[in-house]
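**Q** Going by the numbering used here, the letters in the sequence shown line up with residues 4 to 410, in that order.
Glycine included, C-beta positions come from ideal geometry on N, C-alpha and C.
So that we are looking at the same thing, I have put the structure below in structure tokens.
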Amino acid sequence: MKKTLTTLLLILALAACESVWAQDESLPDEFGEMTETSENTTGIGGIVDAVTTFGNKPHLNANTLNDNNFNNIRALLNFRFQHKEKLRADVEVLFDDASAEKVRLQGAFITIFDVPNEKINFMIGKIPNLFGNFGKREFSDVNPLIGQPLMRQYRTSLDWNNLWNNQEQLILKNRRKAHKGNLPVNVLAGATPTVYDARWDFGVELFGNISFVEYQIAVTEGSISNPDANQNKGKQFLGRLGFAPAAGLKFGFSGASNPYLSSADPQRLLEEGKGKGEYRQRAYGVDLEASYRYLIVFSEFVKSTWDASVDEGELSNWSWYVDAKYKLHPKLYVAARYDMMNFSKIKNPATAANESWDYDVKRYEAGLGFRITADATLKLVEQWTVFDKKSTIKSIRFTAAQLSVPF
Numbered sequence: 004m005k006k007t008l009t010t011l012l013l014i015l016a017l018a019a020c021e022s023v024w025a026q027d028e029s030l031p032d033e034f035g036e037m038t039e040t041s042e043n044t045t046g047i048g049g050i051v052d053a054v055t056t057f058g059n060k061p062h063l064n065a066n067t068l069n070d071n072n073f074n075n076i077r078a079l080l081n082f083r084f085q086h087k088e089k090l091r092a093d094v095e096v097l098f099d100d101a102s103a104e105k106v107r108l109q110g111a112f113i114t115i116f117d118v119p120n121e122k123i124n125f126m127i128g129k130i131p132n133l134f135g136n137f138g139k140r141e142f143s144d145v146n147p148l149i150g151q152p153l154m155r156q157y158r159t160s161l162d163w164n165n166l167w168n169n170q171e172q173l174i175l176k177n178r179r180k181a182h183k184g185n186l187p188v189n190v191l192a193g194a195t196p197t198v199y200d201a202r203w204d205f206g207v208e209l210f211g212n213i214s215f216v217e218y219q220i221a222v223t224e225g226s227i228s229n230p231d232a233n234q235n236k237g238k239q240f241l242g243r244l245g246f247a248p249a250a251g252l253k254f255g256f257s258g259a260s261n262p263y264l265s266s267a268d269p270q271r272l273l274e275e276g277k278g279k280g281e282y283r284q285r286a287y288g289v290d291l292e293a294s295y296r297y298l299i300v301f302s303e304f305v306k307s308t309w310d311a312s313v314d315e316g317e318l319s320n321w322s323w324y325v326d327a328k329y330k331l332h333p334k335l336y337v338a339a340r341y342d343m344m345n346f347s348k349i350k351n352p353a354t355a356a357n358e359s360w361d362y363d364v365k366r367y368e369a370g371l372g373f374r375i376t377a378d379a380t381l382k383l384v385e386q387w388t389v390f391d392k393k394s395t396i397k398s399i400r401f402t403a404a405q406l407s408v409p410f
């Protein structure tokens, strides 16, 4: 109760401060106040989020470091330096009050533009995830809701720290039931997401536009599901091809192939006759963005397969979501997301029956947003997560309020 009251007071204080700031007509842009010279531009900006929740705990939204979009206080700080129109350096630092790493480097990269024109550009460093279209709107100032899609955050019972046979994999699955749908970090530290946006990866990216086509190609140290996979000395190859054939319509296709294991039992690797860098994740996805007047819709589909030591089956999943935002008034909108993730089946050696290696899951999130000023937004959302009926895991439902204040 004390934490909730403290958070509510902070929300009110931030709202009051933002109302005062709004009286100044010279509000900073997306990256903060810019100091211009004849050659260079520098800027400091960011976002502060204050959140409070009611009902069930939002543990299922936690990432591998326990950072969570529903934690009480989060802040993203961006430092930018730009030299003319050819070179830009970005450093992004994330604070999360309940994360194992309260302050961490989210990104640090250099972008080189127009080499020799807009068709060819480079990005190098700790770079954003290019897979699909949600990575461009993962932060609260552009995410109309608070949570992330399952494919972008949900920690499956696949372990990136080891290889397991069929029986062992199903034991990991049942740990979820024992913890009411959650897989806490202290229970399965290596629980693997499908496409992990919360931690960016080191690599180099080539991108550009040719007419109505945009392309992105990258090589990175880790994988889209495990940035720590760089420990296996493998490389990830990924890319996206996007199209904008008409006003209000965009779609794209993404693909990735990468080693995903951080570690593995040497004896198990010896028995399998492979190195940990030979166990790969292969994923492909389709994304869509469509808008008409006051309505904008986003959707993604991802199919992912992970090499494993299971037999008579494979470890794969497919996930899909659609979210929509409709502006009722210049300062008020409603938004909703429908989300699902299904898992492939493997043989249970105890029963000889085939069953999914993790429980199928659906998630619904809906709410509204009110723009206190041109930038600050107050959101109120309801989220509920429903598991496969065979799991007997009760649905998890809660309400959350968030104040998002860019600066």
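1. Grab the span of the beta strand (DSSP E) containing Leu3 for me, first residue to last.
2. Under three-state DSSP, which class holds Pro262?
3. For Arg411, report the span of its beta strand (DSSP E) as first-last.
4. Quick one: grab the DSSP three-state call for Ser394.
5. Out of curiosity, what's the CA-to-CA distance linking Arg77 and Val145?
6. To test your reading of the DSSP string, which unbroken beta strand (DSSP E) runs of 3 or more residues are found completely within the segment 334-363?
7. Look up Gly237 in the DSSP assignment and give the residues it is bridged to.
8. Quick one: residues in its chain with C-beta nearer than 6 angstroms to the C-beta of Asp290, no 5 flanking neighbours on either side, listed in chain order?
9. If you reduce the DSSP assignment to three classes, tell me which class Glu274 lands in.
10. Using the C-alpha atoms, what's the distance from Pro269 back to Leu244?
11. Between which two residues does the beta strand (DSSP E) harbouring Gly211 extend?
12. Can you tell me which residues form a DSSP beta bridge with Asn59?
13. Enumerate in chain order the residues of its own chain whose CB-to-CB distance from Ala92 is below 6 angstroms, with the five nearest sequence positions on each side excluded.
14. So the candidates are Ala353, Tyr287, Gly372; which of them puts its Cα closest to the Cα of Asn329?
15. Identify which residue in Val51, Glu315, His182, Ala249 has its Cα closest to the Cα of Asn351.
16. Am I right that Thr56 and Thr395 are in contact with their C-beta atoms under 8 angstroms? What's the rounded C-beta distance?
17. Sort out for me which residues DSSP pairs Asp200 with in a bridge.
18. So, are the CB atoms of Gly278 and Asn261 less than 8 angstroms apart?
19. Using the C-alpha atoms, what's the distance from Ala111 back to Ser407?
20. Straight-line CA distance for Thr308 to Asn75?
21. State whether the segment 174-186 contacts the segment 94-110, with contact taken as three or more CB pairs (one from each stretch) at a distance under 8 angstroms.
22. Are Leu80 and Glu104 close, meaning C-beta to C-beta below 8 angstroms?
23. Report the partner residues of Trp163 according to the DSSP bridge assignment.
24. Under the rule that 16 or more other beta-carbon atoms within 10 Å means buried, what is Ser312, buried or exposed?
25. I'd like to check one pair, Val198 with Arg158: are the Cβ atoms closer than 8 angstroms?
26. Of the residues Ala293, Leu331, Asn345, which one's Cα is nearest the Cα of Glu305?
27. Measure how close the beta-carbons of Ser257 and Leu153 come, nearest whole angstrom, since I'm counting them as under 8 angstroms.
28. Taking DSSP as the reference, what is the three-state secondary structure of Glu281?
29. Quick one, are the C-beta atoms of Leu241 and Leu133 less than 8 angstroms apart?
30. Taking C-alpha atoms, which residue in Tyr367, Leu331, Glu358, Gln151 lies nearest to Tyr341?
**A** On the basis of the data shown:
1. The chain is shown only over 4 to 410; residue 3 falls outside these bounds and no answer can be derived.
2. Per DSSP, reduced to three states, the secondary structure at Pro262 is strand.
3. Past the edges of the chain, shown from 4 to 410, lies residue 411, and the structure says nothing about it.
4. If DSSP states are grouped into helix, strand and coil, Ser394 belongs with the helices.
5. For Arg77 and Val145, the distance between alpha carbons rounds to 15 angstroms.
6. Within the segment 334-363, the runs of beta strand (DSSP E) at least 3 residues long that lie entirely inside it are, in chain order, 335-346, 348-350, 357-359.
7. Answer is none; Gly237 lacks a bridge partner.
8. Close CB contacts of Asp290 within its chain, under the 6 angstroms cut and outside five residues either way in sequence, are with Gly135, Asn136, Gly255, Glu303 (chain order).
9. In this structure, Glu274 counts as helix in the three-state DSSP scheme.
10. Leu244 and Pro269: Cα-Cα distance of roughly 39 angstroms.
11. For Gly211, the enclosing beta strand (DSSP E) starts and ends at 204-213.
12. For Asn59, DSSP records no beta bridge to any residue.
13. Taken in chain order, the residues that qualify are Phe84, Ile113.
14. This sequence places Tyr at residue 329; Asn is not what is there. Comparing Cα-Cα distances from Tyr329 to each of Ala353, Tyr287, Gly372, the minimum goes to Gly372.
15. Closest in C-alpha terms to Asn351, from the list Val51, Glu315, His182, Ala249, comes Glu315.
16. Not confirmed; about 25 angstroms, so no contact.
17. Residue pairing from DSSP leaves Asp200 without any beta-bridge partner.
18. Not in contact: Gly278 and Asn261 (Cβ atoms no closer than 8 angstroms).
19. Going by the C-alpha atoms only, they are around 23 angstroms apart.
20. Rounded to whole angstroms, the separation of the alpha carbons of Asn75 and Thr308 is 35 angstroms.
21. No, because fewer than three Cβ pairs between the segment 174-186 and the segment 94-110 fall closer than 8 angstroms, the two stretches do not touch.
22. Not a contact, by the Cβ cut-off of 8 angstroms.
23. DSSP output for Trp163 lists no bridge partner at all.
24. Ser312 is buried by the Cβ-count criterion.
25. Taking C-beta atoms as the reference points, Arg158 and Val198 fail to come closer than 8 angstroms.
26. Note that residue 305 corresponds to Val in the displayed sequence, not to Glu. Comparing Cα-Cα distances from Val305 to each of Ala293, Leu331, Asn345, the minimum goes to Asn345.
27. Actually they are not in contact, since the Cβ atoms of Ser257 and Leu153 sit about 17 angstroms apart, beyond 8 angstroms.
28. Looking at Glu281 - three-state DSSP - the assignment turns out to be helix.
29. Cβ atoms of Leu241 and Leu133: closer than 8 angstroms.
30. The alpha carbon of Tyr341 has as its nearest neighbour, out of Tyr367, Leu331, Glu358, Gln151, the alpha carbon of Tyr367.
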